[in-house]
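Asker:
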Amino acid sequence: MRSTNFCLKIRLSRPKATFLQVSNRLPVGYRFYWDDHCKLCNSLKRLGVALDWSKRVAFLPLLSDPADVDLGHITFEERMASSHLVDPQGRVYSRGEGILKLASLLPLTAPFVFLFRLLPKHQVIADKLYGLVSSHRGVPYGGSCKVDFSENSGE
Numbered sequence: 021m022r023s024t025n026f027c028l029k030i031r032l033s034r035p036k037a038t039f040l041q042v043s044n045r046l047p048v049g050y051r052f053y054w055d056d057h058c059k060l061c062n063s064l065k066r067l068g069v070a071l072d073w074s075k076r077v078a079f080l081p082l083l084s085d086p087a088d089v090d091l092g093h094i095t096f097e098e099r100m101a102s103s104h105l106v107d108p109q110g111r112v113y114s115r116g117e118g119i120l121k122l123a124s125l126l127p128l129t130a131p132f133v134f135l136f137r138l139l140p141k142h143q144v145i146a147d148k149l150y151g152l153v154s155s156h157r158g159v160p161y162g163g164s165c166k167v168d169f170s171e172n173s174g175e
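Per the working numbering, residue 21 is the first one in the sequence shown, and the count goes up by one each step.
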């Protein structure tokens, strides 16, 4: 009986991991990848950081080493076409699903996500809204903020 209690005490005394600790080049916890070349994305990222009171999410650019590890299985075009949330188990949530998952992690927006998910076909609605916003993401800033990564973009 004593050894069981001793083992339990050892397990409870381990420090909890935070997203700032790095293991295999990846922050621990939730990771949100966003386009740091997009003005709207930068504004929304700043809002997300401000609303992440418990610091559960690491906000990282799409063009970063952790993104290469987490998102290496998708094409470059797919990576840059959307923001992505990766959970601690490595599951990737993209487009509307990723934004809903991110918003559900933030204390102020979580109740709204709960209510939104009560709607029939909420996932379809979220993806359509994401598509609408992402296709017009440069409009609030007077033009397109999309970056052309093609090889002949400089010509």
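Every residue, glycine too, gets a C-beta built ideally from N, C-alpha and C. Every value quoted in this text rests on a predicted model; they were computed, and no experiment measured them.
Provide the residue span of the alpha helix (DSSP H) that contains Ser154, from first to last.
Answerer: 142-155 is the span of the alpha helix (DSSP H), which, as asked, contains Ser154.
Asker: Rank Met100, Thr129, His93, Glu117 by C-alpha distance to the C-alpha of His142 and give the top, closest one.
Answerer: Out of Met100, Thr129, His93, Glu117, Glu117 has the C-alpha closest to the C-alpha of His142.
Asker: Where does Gly152 land, buried or exposed, given buried means 16+ other C-beta within 10 angstroms?
Answerer: The question names Gly, yet the displayed sequence has Leu at residue 152. Exposed.
Asker: In the DSSP output, which residue or residues are listed as bridge partners for His104?
Answerer: His104 is bridged to Tyr53, Ser114.
Asker: Among Leu80, Ser154, Gly68, whose alpha-carbon lies nearest the alpha-carbon of Leu125?
Answerer: Answer by Cα proximity: Gly68.
Asker: At the level of alpha carbons, what is the spacing between Asp90 and Gly110?
Answerer: When rounded, the distance between both Cα atoms is 7 Å.
Asker: Does the structure place the region 80-98 close enough to the region 48-67 that three or more beta carbon pairs sit under 8 Å?
Answerer: At 8 Å Cβ cutoff, the stretches touch.
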